[in-house]
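Notes for the one structure printed next.
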Amino acid sequence: MAYPGYGGYGGPPPGVPVQGMSMPGGPMGGPMGGAGPAGFPSYGAYPGNFAPPPVNDPMLSYFRAIAGQDGEIDSEELQRCLTQTGVSGTYTPFSLETCRIMISMLDVDMTGKMGFNEFKELFAALNGWKQNFMMFDQDRSGTVEPHEMAQAVSSMGYRISPNTLSGIIKRYSKGGRIAFDDYVACCVKLRSLTDAFRRRDAMQQGAVSFQYDDFLQCTMTI
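Quick note on the numbering used here: the sequence shown kicks off at 1 and runs consecutively.
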């Protein structure tokens, strides 16, 4: 059977390395090789099992300068940190709302903050998503067209129905185009909701049952 909805998590396109950072998992930062049900790739390791950062890690200095004594950052601090690291490149810096959902993607204990390892995992994903976005933003306008957004989502390995994909594109487009910030927000939600679904789909059948409170927790906290 077709096993919809599970795909890559925003790693670089096949054959495109992320400078200074290796992506765990398979192509696009997604599952490792192997076969799951009906030939669907196995999930593989969840990205982000990082070793303790080296003392001279330049990202650590950015992080520590903003995190302070508690060693964690909230959404406003993340916004400043990402702006200083320049991960958005020539694109508009990330909005506070996008930074909030970035944190929620990795905030397992629901503190509203992230530590350095989570920050590195996020940074790796952002670099991958940026590489993917740039493949379709060929005029470097900082936006992509709806059909290019559809191709970008597909290239990350997500198998989504045309109706769902159309709804996603309408949700994140402005004036008929999708900006980088909105594109990243979309990628974060796709990954977060897919992960939440995957954790509950123990039999890997593409269908789960949700309690109402559990459903709200999955959707309203992202």
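A virtual CB, placed ideally from N, CA and C, is assigned to each residue, including glycine.
Fair warning: this is a prediction, and the values are worked out from it, not measured in the lab.
Around the beta carbon of G112, a 10 Å sphere encloses fewer than 16 other beta carbons of the protein chains shown; the residue is thus reported as exposed. About 13 Å separates the beta carbons of F133 and A150, which is beyond the 8 Å limit, so they are not a contact pair.
Closest by C-alpha distance to D214, out of Q204, R199, E148, is R199. Nearest to N117 by alpha-carbon distance, out of L190, F63, S173, is F63. Between the segment 100 to 115 and the segment 154 to 169, the count of Cβ pairs shorter than 8 Å is below three; the stretches do not touch. With a contact defined as Cβ atoms closer than 8 Å, V188 and M102 qualify at about 6 Å.
Distances from the alpha-carbon of S192 to those of L106, P146, T143 put L106 closest. Boundaries of the alpha helix (DSSP H) harbouring I101: 96 to 106, taken from the DSSP string. Contact between A179 and T143 holds: their C-beta atoms lie close to 5 Å from each other, under 8 Å.
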